[in-house]
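**Student:** Chains as they are written, first to last, in full-length UniProt numbering: chain U, 1 to 331; chain B, 1 to 331. No residue lacks a Cβ here, since even glycine has one placed at the ideal position from N, Cα and C. Computed from a predicted structure; not experimentally measured.
Number of protein chains: 2
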Amino acid sequence: MKKFVNDPKQFVPEMLEGLALANPDTLRYVPEHNLIMRADSPRDDKVSVVQGSGSGHEPAHVMVVGTGMLDAACPGDVFAAPPMNYVYETAKLLATPKGVLLLVNNYTGDRMAFDMGREMAEAEGIKVEILTINDDVAVKDSTYTVGRRGVAGNFFVIKAVGAAAEQGADLDEVVRVGKKVNDVTRTMGVALTACTPPAKGSPLFELGADEIEMGVGIHGEPGRERKKLTNADAIVDELLDSVVGDLPYQSGDNVALMINGLGGTPISELYILYRRAHQQLAERGITVTRSYVNEYCTSLDMAGASLTLVRLDDEIDALLGAPAEVPVRVF
Amino acid sequence: MKKFVNDPKQFVPEMLEGLALANPDTLRYVPEHNLIMRADSPRDDKVSVVQGSGSGHEPAHVMVVGTGMLDAACPGDVFAAPPMNYVYETAKLLATPKGVLLLVNNYTGDRMAFDMGREMAEAEGIKVEILTINDDVAVKDSTYTVGRRGVAGNFFVIKAVGAAAEQGADLDEVVRVGKKVNDVTRTMGVALTACTPPAKGSPLFELGADEIEMGVGIHGEPGRERKKLTNADAIVDELLDSVVGDLPYQSGDNVALMINGLGGTPISELYILYRRAHQQLAERGITVTRSYVNEYCTSLDMAGASLTLVRLDDEIDALLGAPAEVPVRVF
Chain U
1 MKKFVNDPKQ FVPEMLEGLA LANPDTLRYV PEHNLIMRAD SPRDDKVSVV QGSGSGHEPA
61 HVMVVGTGML DAACPGDVFA APPMNYVYET AKLLATPKGV LLLVNNYTGD RMAFDMGREM
121 AEAEGIKVEI LTINDDVAVK DSTYTVGRRG VAGNFFVIKA VGAAAEQGAD LDEVVRVGKK
181 VNDVTRTMGV ALTACTPPAK GSPLFELGAD EIEMGVGIHG EPGRERKKLT NADAIVDELL
241 DSVVGDLPYQ SGDNVALMIN GLGGTPISEL YILYRRAHQQ LAERGITVTR SYVNEYCTSL
301 DMAGASLTLV RLDDEIDALL GAPAEVPVRV F
Chain B
1 MKKFVNDPKQ FVPEMLEGLA LANPDTLRYV PEHNLIMRAD SPRDDKVSVV QGSGSGHEPA
61 HVMVVGTGML DAACPGDVFA APPMNYVYET AKLLATPKGV LLLVNNYTGD RMAFDMGREM
121 AEAEGIKVEI LTINDDVAVK DSTYTVGRRG VAGNFFVIKA VGAAAEQGAD LDEVVRVGKK
181 VNDVTRTMGV ALTACTPPAK GSPLFELGAD EIEMGVGIHG EPGRERKKLT NADAIVDELL
241 DSVVGDLPYQ SGDNVALMIN GLGGTPISEL YILYRRAHQQ LAERGITVTR SYVNEYCTSL
301 DMAGASLTLV RLDDEIDALL GAPAEVPVRV F
């Protein structure tokens with residue numbers, strides 16, 4: 001295993017400590033519960049928005065805690081749901097009169113932890129709602145999921161509900177916005193290589209030198225098909241066919257297009273994918289008015305990418321364009 | 001080779017086309033000269049700031065073209081300097097009454113192209129200055145360099161001169177600012193794996209399963225020492241000793257600290273490196289007041305990282321904090 005790591009058991013805490021040291025004015029790290037929260041949360045005048053999931057998907061979700069985004073993230077260990085009591089403690093710490101919204105990518109382990117954490121919080125009178133994200137069109141049920149998986153499209157749900165919460169929307173309204181965005185968001189991913197969890201020390205699965213996993217999940221779990229590596233344009237066309245056909249997105253639609261790197265793929269290659277996707281959408285009469293090309297939801301060091309579309313209307317467009325701050329700096 | 005690529009010869013043009021498609025309002029792509037420029041440049045009221053270098057280092061430099069950053073970037077092919085006539089054409093297109101500043105990372109091929117491009121531009125009466133960046137402490141002369149190499153620290157020169165130019169500074173003043181930042185900036189990198197140029201199709205060099213290249217250059221060229229992989233903290237300590245001891249940075253200094261990913265390393269690991277660097281600087285009485293943890297200057301898909309320090313004073317701090325816009329989106 002060639003990684004920058006000390007004790008693999010300390011991979012997540014050391015990452016979180018680094019994140020907090022780099023953002024002393026804006027973030028607070030609560031080591032007892034593996035929790036990263038905004039220094040100015042909770043605020044009585046807004047719904048607190050929280051997401052948790054296994055670690056290893058950074059910048060999701062600990063690095064999108066900030067103004068107009070998440071109030072807190074409570075990650076588990078690498079590719080492991082957070083314990084239910086961490087979810088509970090997070091809800092307690094973030095409780096406000098307007099309530100707490102827990103965002104959960106649809107993975108069975110995460111849902112269980114969040115459902116139970118929510119029950120524990122409600123037993124203490126905290127107002128809590130859960131919103132489940134399930135944007136992955138690759139497979140219906142999967143290794144770790146009943147129903148569709150929640151993957152990189154969750155970024156758009158976070159951005160929209162974060163903006164709505166910042167504007168003072170109440171809990172029902174924030175939930176409505178989040179469901180609305182989830183309903184028009186679709187994603188599919190592809191892996192060129194496996195990823196290596198630090199505690200395992202070896203690749204999580206085997207992929208031949210000329211093979212790709214089409215429809216891969218963000219933990220390397222199988223997708224639709226193991227197939228031969230083809231060129232970038234052919235890969236985009238297959239992802240796009242699946243994603244566009246699912247909602248379906250139609251001629252006349254305005255969309256946000258995200259090309260998300262899975263961790264080991266450089267941004268140069270992501271723009272080669274973006275190019276083809278943008279062109280092919282134009283051919284279908286679908287206009288890209290918002291573009292996202294970067295790493296948003298990764299799978300450790302996996303080489304690969306996912307493609308996400310969001311159908312925009314004026315409300316969603318305004319929420320995606322609202323001001324935000326995240327700890328990841330580009331300048 | 002497992003990459004998202006079509007024809008390897010079209011790797012750079014397709015990336016640039018994708019970049020332009022994703023930023024139709026702010027960027028302009030000039031395919032004849034491999035050029036990415038701001039849609040609102042040149043502006044008569046400011047110095048135009050341009051950087052070129054081989055491609056394969058993205059987001060440097062084509063993805064830092066934007067307000068308060070570069071006016072244009074003229075990249076070569078992967079790991080190849082731009083042709084001198086591209087530099088010349090870029091200077092012509094970006095010419096303003098206040099002049100053009102060409103930033104060059106110190107690599108011999110790039111310097112040659114930029115020196116000649118400048119001469120051609122000056123012969124047409126265009127006011128041009130060149131500023132060379134040489135922040136890499138790893139080696140004095142190297143495979144492709146006389147003197148020190150210019151690597152990720154060039155980000156800070158771009159940011160500072162970009163801000164000064166935006167504020168209307170004249171060419172001499174912009175050069176003064178750039179030299180000042182370069183003089184207090186030091187970097188050293190380490191590779192865990194080699195990188196694979198698309199046209200070559202195989203790794204650029206060999207690195208054993210338990211080996212790292214300490215002091216690696218951004219094209220995979222040798223650094224100080226091929227050695228056994230150690231843990232993250234030990235790697236940071238070695239990088240930090242070299243960087244801190246070089247200027248030297250001293251107790252009482254305020255610094256910007258950058259942990260730059262080389263392309264194949266996920267951001268989670270970068271924060272583990274950041275943590276140790278921040279702590280060890282504090283032990284030396286050096287205070288980190290600006291933090292940069294992300295990919296800034298990569299080497300294709302190389303797993304690895306570099307560590308950069310900038311000694312801050314009020315002037316540099318204000319320039320680094322000035323408003324800017326880049327095409328790479330984090331929200």
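1) Would you say A95 of chain B reaches chain U, if we count a Cβ-Cβ gap shorter than 8 angstroms as a contact?
2) Establish whether the CB of P203 of chain B and some CB of chain U are separated by less than 8 angstroms.
3) Taking the alpha carbon of G245 of chain B as the reference point, which residue from B:D71, B:A303, B:V137 has its own alpha carbon closest?
4) Measuring straight from C-alpha to C-alpha, what distance separates R311 of chain U and D170 of chain B?
5) In the DSSP assignment, the alpha helix (DSSP H) including A14 of chain B goes from what residue to what residue?
6) Which residues in chain U sit within 7 angstroms of V175 of chain B, going by Cβ to Cβ distance?
7) Would K46 of chain U be called buried (16 or more neighbouring beta carbons within 10 Å of its own) or exposed?
8) Could you have a look at V157 of chain U and say whether DSSP puts it in helix, strand or coil?
9) Please list the partners that K159 of chain U has in chain B, where partner means a Cβ-to-Cβ separation under 7 angstroms.
10) Since T26 of chain B contacts R38 of chain B with CB under 8 angstroms, what's their CB separation in whole angstroms?
11) Spatial neighbours of E211 of chain U within its chain, please: C-beta separation below 8 angstroms, excluding the five flanking residues on both sides.
12) Per DSSP, what kind of secondary structure is R276 of chain U in: helix, strand or coil?
13) Kindly indicate the opening and closing residues of the alpha helix (DSSP H) around T108 of chain U.
14) Could you work out which residues of chain B lie near A273 of chain U, taking near to mean beta carbons separated by less than 9 angstroms?
15) Just to confirm, is the Cβ distance from L103 of chain U to V65 of chain U under 8 angstroms?
16) Looking at the unbroken beta strand (DSSP E) that takes in I218 of chain B, where does it start and where does it end?
17) Three or more C-beta pairs under 8 angstroms: does that hold for the segment 147-156 of chain U against the segment 180-193 of chain U?
18) Which residues of chain B have a Cβ atom closer than 8 angstroms to the Cβ of V328 of chain U, listed in chain order?
19) For N106 of chain B, count neighbouring Cβ atoms within 10 angstroms of its own Cβ and tell me buried if that reaches 16, exposed if not.
20) Count the other C-beta atoms from every protein chain shown that fall within 10 angstroms of the C-beta of G125 of chain U, then say buried if there are 16 or more, exposed otherwise.
21) Does the distance from the C-beta atom of G304 of chain U to that of A191 of chain U stay below 8 angstroms?
22) For K193 of chain B, decide whether its Cβ has a neighbour in chain U, counting only Cβ atoms nearer than 8 angstroms.
23) Looking at A277 of chain U and L247 of chain U, is the spacing between their C-beta atoms short of 8 angstroms?
24) Which bits of chain B does N231 of chain U rub up against, with CB to CB less than 9 angstroms?
25) In terms of DSSP beta bridges, what is L27 of chain U paired with?
26) Hey, would you say A60 of chain U sits closer than 8 angstroms to I36 of chain U, going by beta carbons?
27) Which parts of the segment 181-254 of chain U are runs of the alpha helix (DSSP H), unbroken and 4 residues or longer, counting only runs that do not cross its ends?
28) For residue 343 of chain B, return the contacting residues in chain U, with the cut-off set at a CB-CB distance below 9 angstroms.
29) Quick one: does I218 of chain B have its CB under 8 angstroms from some CB of chain U?
30) Check the Cβ of P59 of chain B against every Cβ in chain U and list those closer than 8 angstroms, keeping chain order.
31) So which residues of chain B does I235 of chain U contact, with C-beta pairs closer than 7 angstroms?
32) Determine the extent of the beta strand (DSSP E) in which A305 of chain B is found, giving its start and end residues.
33) K3 of chain U: buried (16+ other C-beta within 10 angstroms of its C-beta) or exposed?
34) Could one say the Cβ of H33 of chain B lies closer than 8 angstroms to chain U's Cβ atoms, at least one of them?
35) Any C-beta of chain B sitting closer than 8 angstroms to the C-beta of L21 of chain U?
36) Considering only C-alpha positions, which residue in the set B:T193, B:V236, B:G117 is nearest to G217 of chain B?
**Tutor:** According to the data block:
1) no
2) no
3) B:V137
4) 46 angstroms
5) A small correction: the amino acid at residue 14 of chain B is Glu; Ala does not occupy that position in the sequence shown. Here the alpha helix (DSSP H) through E14 of chain B covers 11-22.
6) Those within 7 angstroms of V175 of chain B in chain U number zero; the least Cβ separation is about 21 angstroms.
7) buried
8) helix
9) F331
10) 7 angstroms
11) R226, K227, K228, L229
12) helix
13) 108-122
14) Going by the sequence as given, residue 273 of chain U is Leu instead of Ala. Result: F4, G18.
15) no
16) Taken as a continuous stretch (DSSP letters only), I218 of chain B belongs to no beta strand (DSSP E), as it is neither H nor E.
17) yes
18) I267, V293, N294, V330
19) By the neighbour-count definition (other C-beta atoms within 10 Å, threshold 16), N106 of chain B is a buried residue.
20) Its Cβ having fewer than 16 others within 10 Å, G125 of chain U is exposed.
21) yes
22) The sequence given here places Thr at residue 193 of chain B; Lys does not occur at that position. Taking Cβ atoms only, chain U reaches closer than 8 angstroms to T193 of chain B, which makes this a yes.
23) Inclusion of L247 of chain U and A277 of chain U in the CB contact set at 8 angstroms is not warranted, their separation being larger than that value.
24) What N231 of chain U touches in chain B, judged by beta-carbon distance under 9 angstroms, is F4, V5, N6, D7, going in chain order.
25) In DSSP, L27 of chain U forms a bridge with U:R38.
26) The answer is no: Cβ separation not under 8 angstroms.
27) 232-246
28) Outside the shown range of chain B (1 to 331) lies residue 343 of chain B, about which nothing can therefore be said.
29) Answer no: the Cβ-Cβ gap between I218 of chain B and chain U never drops below 8 angstroms.
30) I267, V330
31) F4
32) 304-311
33) buried
34) no
35) Chain B contact via Cβ: present.
36) For the residues B:T193, B:V236, B:G117, the minimum Cα distance to G217 of chain B belongs to B:T193.
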